[in-house]
Every structure is written in C-alpha cells, then in structure tokens.
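**Student:** I'd like to ask some things about the structure below.
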Amino acid sequence: MNQRVIIIFLILTLALLVTGILLLYSCEKRKQAEIREEEKAETIQTEELITADEEAATSEVSVKLYFRNPGPAAGTVGLLRPEARQITTSPDKRVFVIKILEALLGGPRSGNFASIPPGVAVRQVFLVDNLAVIDFSREIHTRHPGGVLEELATIYSIVNTIVDNVPGVERVRILVEGEERSTLAGHLHLSRNLYHSPRYLVGWRGPGRIIQEENLQ
Amino acid sequence: MFPDRPEIVARHRRRGAGAYRYSLFLLLLWLSASLLMGQRYPWIVVMDPGHGGDDYGIRAGQGSFEKDINLLVARDFQHILSADPALDVLLTRENDRELSLRERAIQANNLSADLFISVHCAFSNRRVDRGFIVYFFQPEESQLSSFHELRSTGSHQDVRLVPWDLAQLPAAPASRDLATRLQNALNRMHGKYSGSPVGEQLELLSKVACPAVLIECCFLTNSEDERQIMDPFYRRRFAEAVRDSIMDFLTTHQYSASGRQP
Ligand SMILES: [Zn+2]
Numbered sequence: 487m488n489q490r491v492i493i494i495f496l497i498l499t500l501a502l503l504v505t506g507i508l509l510l511y512s513c514e515k516r517k518q519a520e521i522r523e524e525e526k527a528e529t530i531q532t533e534e535l536i537t538a539d540e541e542a543a544t545s546e547v548s549v550k551l552y553f554r555n556p557g558p559a560a561g562t563v564g565l566l567r568p569e570a571r572q573i574t575t576s577p578d579k580r581v582f583v584i585k586i587l588e589a590l591l592g593g594p595r596s597g598n599f600a601s602i603p604p605g606v607a608v609r610q611v612f613l614v615d616n617l618a619v620i621d622f623s624r625e626i627h628t629r630h631p632g633g634v635l636e637e638l639a640t641i642y643s644i645v646n647t648i649v650d651n652v653p654g655v656e657r658v659r660i661l662v663e664g665e666e667r668s669t670l671a672g673h674l675h676l677s678r679n680l681y682h683s684p685r686y687l688v689g690w691r692g693p694g695r696i697i698q699e700e701n702l703q
Numbered sequence: 002m003f004p005d006r007p008e009i010v011a012r013h014r015r016r017g018a019g020a021y022r023y024s025l026f027l028l029l030l031w032l033s034a035s036l037l038m039g040q041r042y043p044w045i046v047v048m049d050p051g052h053g054g055d056d057y058g059i060r061a062g063q064g065s066f067e068k069d070i071n072l073l074v075a076r077d078f079q080h081i082l083s084a085d086p087a088l089d090v091l092l093t094r095e096n097d098r099e100l101s102l103r104e105r106a107i108q109a110n111n112l113s114a115d116l117f118i119s120v121h122c123a124f125s126n127r128r129v130d131r132g133f134i135v136y137f138f139q140p141e142e143s144q145l146s147s148f149h150e151l152r153s154t155g156s157h158q159d160v161r162l163v164p165w166d167l168a169q170l171p172a173a174p175a176s177r178d179l180a181t182r183l184q185n186a187l188n189r190m191h192g193k194y195s196g197s198p199v200g201e202q203l204e205l206l207s208k209v210a211c212p213a214v215l216i217e218c219c220f221l222t223n224s225e226d227e228r229q230i231m232d233p234f235y236r237r238r239f240a241e242a243v244r245d246s247i248m249d250f251l252t253t254h255q256y257s258a259s260g261r262q263p
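Structure, rendered in structure tokens:
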C-alpha cells in the first residue's frame, strides 16, 4: 500500500518535472527565435540602408581632430588647434571611435604638430555607457617627449577629439598596454576619468589658465 | 644567560629614558633660547629633482637629459637656500636613481616638510618657447566634495588623517599663493615674462601634505634656454629669486604643516 503510494507519487513528480523542463525549453527556443528574427530584421535594415544608398556605405562625416597648435600660445591656452577631417561612418560606435583615433594618430595635415608620439597603435576600445576606455600600445609612454605641456596636449587631444565627435561619450579613460598608469610622462594624473576641456584650445577666454605671454622677440 | 636579559633590558630602558629626558631638556633650552633671540625654527624645505635613473625625462637638443638638469638645479637651490639659517633643505634624491612619485611624496610627508618644490624642465614642440612655468595642484570637484565629506565626519577633524590622494587639499590655497609668489619673483628676475601660475591635476603634488609646487625652470627645446640653465651664475640668480619668494611666503603665512610655529 505504502509502496504503491510512493511509486505513484514519484511517477507524478517525474511527469511534472519533465513537462516543466519541456515547457521551459520550448519557451527558451521561442525567445531565441524571436531574438534571431529581430537581429535578422536589424541586419536587413542596415543592409537595406547600405545597399539602397551606395553613398551611405561610403558616407563620410566631418570630424574635428585636435592637434598641437604650432602658433603662438600663452602657456596651456592655445595648446590645441582643431582640424576638420572627413571620416567614413560606421553603424558600430566602437568602430567609429577607432576610425577617429586612427585619423588622430595619423597626424595633422594642415600645418599643426602631432599631439601623439609616432608609432602608437590603438589596441582596444571599450564603450561603457558614456565612458570610452581606450587602450594604447606602450609607445604612447615610451616615446613621449616629456614635459607637462606635451603631456597635456597628448591627453586632451585624445579626450577632446573623442568627446566632441562621438555622440553619447562624455568621459575617456586611457590605458597603456591594457593597464592603468599613474601618469603618461611623469607629471599628470592619468588613472581617472578624463572630461572634455576647452581651456587648452586656441582662443579660450575662460578663467585663470593663462601663463607666460612671452615669446615677444 | 637568561637571568641577565631582563637586567640588560632594564638598563637600556633607563638609559633610553635618560636620553629622552636629556633631549627634552635640550629642546626646551633651544625653544627658550630661540624665543629670547627672536629666532625661527628651521623650516623644512624638500626639493625634488624630477625623473632619474631609467626615467630620463626630456632629452634635450644638445644631448643633455632633463633628469640631470633637474638634479643640478635642485642642488643649487639647496646650496643657496641652506645659507639661510631658517631653512633646512633636503633633496628627495641626491644622485641619478629612479624614484616613484609616491616615494617622493612619502619622503616629504615623513619629514613633515613645510614646503615642497619639484624641479623639472619644459618641452615644447615650438622651439621658440622659452621661460619657465610654475604649477600648483588644482583639485577636481569630486575631490573637493569627498574632502569636505571627510572633514564633516567627526572622526576626521584632523586634516592630517586624510587619504593619500587628498593629502594636498588642506594646503591647496597656500600652494596657489606660493606658486603666484614664485612666478612673480621669477618674472621680475627675467624682466620680460609676465605669466601667472598654472593649476593642473599633478599626480605628485596631489599626494604631498604641505604647500607644494612644480617648477619647469626652462624649455629644454630652446637652445638659448638650455645654454642659460647650464650657466652657474644664471642658476644662482634663479635660486635667489626662489629663496626670496619662499621666505616671503613662509613669514607671511607662518604656515607650518608640522605644527612648528615661527
Ligand atoms: Zn619632468
């Protein structure tokens, strides 16, 4: 008697378990299918965008790259000068960031000085909410000429260029060979979130940043 | 063997207590003597020659390295400033060795320095740039708010108990004033420069718990500046201008991180 009850009970629970698992599995399958369909729809959409308009595939946007200003500067004011550049767009924001950085690393074209040492490569770019984490190769540290001014120019040419041109990005974090460094060339605090700063730009009239109005020879 | 040990310890202790009392007596004697003579205690000034070892800093056009010039200038500062009995000048490094920014700040803080000057040189892509730049630490909003938070919680009323990264904050206004005085004195010495100091997020200064500045004393990318800084007479004038503004600053502020009063 007791044994029979136990067996029936066991069979019932087994049956319940199996149906539960089956239900869950089918649910999951349906969900995945839905996601796949959505993705397909999206890719179709983007594909449509690209194929429908051949120019859209190679469509270019004008971006503002900040380089080292070769003209007279008053200390840290006027360190950076913008240069317009045409860059092919990408639906992937991360790819767009890399394209902009590559243009910046490629150097200036209209008489400005480079703001980043030669031979530097972008290793990785991560986008987390409004933060762009950019990992550079070691050359950004080992080949840096040194001095606070050039350190500022390197850091803020990167930060200002990215924040100015990539919608949604408000902060930048710079890594070297995958790791945080306390400084780039021995002076400025690097292991923090860096924000766009207009005070190094040509023509900045804001408060308290002007030093030597020299070089009047 | 063992029975002797407690005695030795006791004797040591007694001797230690004696030395302690003796040094206290000496300190009191010195205190009263200096009070009577109207003399100040020596202020501790820490000079920090930037870079060193494998960290060359800037490589100048004429083949010199920033690390060597920084040491040269800091040694001259030490020489000129030490001549004043009110100043006790120490260097963070006396030779060509690598030293982390943290180690430099630790040295200054452990010595309870009253003043800290990091000596560097400037680099500019524009070869015509000349002169010098005096930097002080400019706190960010987030740092200011976390500092005020710390201060408002009763257990941290003592500003000397702030974390490393906030160590400079209590001294930040004084640092700014020191930077202005130095810049003005150097402008006067040169005659043709008229700049004001620059506030930036300087990693080293942020960790130093006393008025602190970083001076880039010449542009190593300018051949005239490079020649000038190698001239001992020029360096002497530079050091004298620095000494005068430091004395000015210390006497007006009577600032003392270590609690000493002039
Ligand atoms: Zn330096």
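For the record, the sequence lines run as chains A and B. The letter at position 37 of the first sequence is residue 523 when you use our numbering, and the numbering goes up by one with no holes. The letter at position 58 of the second sequence is residue 59 when you use our numbering, and the numbering goes up by one with no holes. Note that the Cβ used here is the ideal one computed from N, Cα and C, for glycine as well.
If I'm right that Ile602 of chain A touches Val611 of chain A with Cβ under 8 Å, what's the distance once you round it to whole angstroms?
**Tutor:** At roughly 15 Å, the Cβ-Cβ gap does not stay under 8 Å, so Ile602 of chain A and Val611 of chain A are not in contact.
**Student:** Okay, do the region 670-684 of chain A and the region 630-645 of chain A touch, 3+ Cβ pairs below 8 Å being the bar?
**Tutor:** Touching, yes, given that three or more Cβ pairs across the two stretches are closer than 8 Å.
**Student:** Counting only Cβ pairs nearer than 8 Å, list the residues of chain A close to Leu102 of chain B.
**Tutor:** Those within 8 Å of Leu102 of chain B in chain A are Ser668, Thr669 and Gly672.
**Student:** Under a CB-based cut-off of 9 Å, is Val649 of chain A close to chain B?
**Tutor:** It does not; no Cβ of chain B falls within 9 Å.
**Student:** Run the CB neighbour count on Ile497 of chain A, radius 10 Å, all protein chains shown included, and call it buried at 16 or more, exposed below.
**Tutor:** Exposed is the call here.
**Student:** Using DSSP bridges, identify the partner residues of Tyr194 of chain B.
**Tutor:** In the DSSP output, where bridge partners are listed per residue, Tyr194 of chain B has none listed.
**Student:** Hey, is Cys122 of chain B close to ligand 1, as in C-beta under 8 Å from one of its heavy atoms?
**Tutor:** Yes, since a heavy atom of ligand 1 falls inside the 8 Å radius drawn around the Cβ of Cys122 of chain B.
**Student:** Name the chain B residues that come within less than 7 Å of Arg554 of chain A, Cβ to Cβ?
**Tutor:** Here the neighbours are Asn126.
**Student:** Mind checking if Ala639 of chain A is an interface residue toward chain B, Cβ cutoff 9 Å exclusive?
**Tutor:** So, interface residue.
**Student:** Mind listing the chain A neighbours of Asp56 of chain B? Cutoff is C-beta to C-beta under 7 Å, in chain order.
**Tutor:** Under the 7 Å cutoff, chain A gives Gly672.
**Student:** Restricting to Cα atoms, I'd like to know which of B:Gln63, B:Ala186 and B:Asn126 is closest to Asp245 of chain B.
**Tutor:** Among B:Gln63, B:Ala186 and B:Asn126, the Cα nearest to that of Asp245 of chain B belongs to B:Ala186.
**Student:** Could you check whether the Cβ of His673 of chain A sits closer than 8 Å to any heavy atom belonging to ligand 1?
**Tutor:** Under cutoff, so the answer is yes.
**Student:** With a cut-off of 9 Å, does the C-beta of Val199 of chain B fall near any C-beta of chain A?
**Tutor:** Yes, Val199 of chain B lies at the interface with chain A (some Cβ there is under 9 Å from its Cβ).
**Student:** Please confirm if Gln202 of chain B has its CB atom under 9 Å from at least one CB of chain A.
**Tutor:** For Gln202 of chain B, the answer is yes, since a Cβ of chain A falls inside 9 Å of its Cβ.
**Student:** Pull out every residue of the region 43-75 of chain B whose Cβ sits closer than 9 Å to any Cβ of chain A, in chain order.
**Tutor:** For the region 43-75 of chain B, which is checked against every Cβ of chain A, the residues closer than 9 Å are Gly51, His52, Asp56, Tyr57, Gly58, Ile59, Arg60 and Glu67.
**Student:** If we count the other Cβ atoms within 10 Å of its Cβ and call it buried at 16 or more, is Gly200 of chain B buried or exposed?
**Tutor:** Buried: at least 16 other Cβ atoms inside 10 Å.
**Student:** If you check the beta carbons only, do Glu217 of chain B and Gly62 of chain B fall under 9 Å apart?
**Tutor:** No. Outside cutoff.
**Student:** Measuring from the CB of Glu99 of chain B, is there a heavy atom of ligand 3 at a distance below 8 Å?
**Tutor:** The model on display carries ligand 1 but not ligand 3.
**Student:** Give me the chain A residues within the contact set of Tyr136 of chain B, using Cβ-Cβ distance strictly less than 7 Å, ordered along the chain.
**Tutor:** Val634, listed in chain order.
**Student:** State the start and end residues of the unbroken alpha helix (DSSP H) segment that holds Gln229 of chain B.
**Tutor:** Note, Gln229 of chain B: alpha helix (DSSP H), Ser224 to Ile230.
**Student:** Please give me, in chain order, every unbroken run of the beta strand (DSSP E) with length at least 3 that falls completely inside the region 562-618 of chain A.
**Tutor:** 566-574 and 608-614, all fully within the region 562-618 of chain A.
**Student:** Locate the alpha helix (DSSP H) running through Val120 of chain B, then write down its first and last residues.
**Tutor:** Unbroken run through Val120 of chain B is the beta strand (DSSP E), Leu116 to Ala123; no alpha helix (DSSP H).
**Student:** At what residues does the beta strand (DSSP E) containing Phe250 of chain B begin and finish?
**Tutor:** Unbroken run through Phe250 of chain B is the alpha helix (DSSP H), Pro233 to His254; no beta strand (DSSP E).
**Student:** Roughly how many angstroms separate the alpha carbons of Ser210 of chain B and Ser576 of chain A, rounded to a whole number?
**Tutor:** Note on identity: in this sequence residue 210 of chain B is Ala, with Ser being the wrong assignment. Roughly 49 Å between the two C-alpha positions.
**Student:** Taking the alpha-carbon positions, what's the Glu528 of chain A to Asp578 of chain A distance?
**Tutor:** Residue placement at Glu528 of chain A cannot be trusted, given a pLDDT of 47 that sits under 50; what the coordinates show is reported in the next sentence. Approximately 13 Å, taken between the alpha carbons.
**Student:** Which same chain residues end up closer than 8 Å to Leu502 of chain A when comparing Cβ atoms and leaving out the 5 residues on each side of it in sequence?
**Tutor:** Closer than 8 Å at the Cβ level, and outside the excluded window around Leu502 of chain A, lies no residue.
**Student:** Kindly indicate if chain E contains any beta-carbon less than 9 Å away from that of Arg629 of chain A.
**Tutor:** Absent here is chain E; the protein component of the structure consists of chains A and B.
**Student:** Are the region 75-86 of chain B and the region 136-149 of chain B touching, with three or more C-beta to C-beta distances below 8 Å?
**Tutor:** Touching, no.
**Student:** In the DSSP assignment, the beta strand (DSSP E) including Tyr136 of chain B goes from what residue to what residue?
**Tutor:** Segment Ile134 to Phe138, the beta strand (DSSP E) holding Tyr136 of chain B.
**Student:** What did DSSP end up calling Pro171 of chain B once you bin it into helix, strand or coil?
**Tutor:** Helix, per DSSP.
**Student:** Could you check if Ile648 of chain A is buried or exposed, using at least 16 other CB atoms within 10 Å of its CB as the buried criterion?
**Tutor:** Ile648 of chain A comes out buried.
**Student:** Using beta carbons (cut-off 9 Å, strictly below), is Ala123 of chain B in contact with chain A?
**Tutor:** So yes, Ala123 of chain B belongs to the interface.
**Student:** When burial is assigned at 16 or more other CB atoms within 10 Å of the CB, is Leu510 of chain A buried or exposed?
**Tutor:** By the 10 Å Cβ count, Leu510 of chain A comes out exposed.
**Student:** State the start and end residues of the unbroken beta strand (DSSP E) segment that holds Tyr57 of chain B.
**Tutor:** Run containing Tyr57 of chain B: none; DSSP gives neither H nor E here.
**Student:** According to DSSP, which residues form a beta bridge with Trp165 of chain B?
**Tutor:** In DSSP, Trp165 of chain B forms no bridge with anything.
**Student:** In whole angstroms, what separates the C-alpha of Ala87 of chain B from that of Arg237 of chain B?
**Tutor:** Their Cα atoms are separated by approximately 19 Å.
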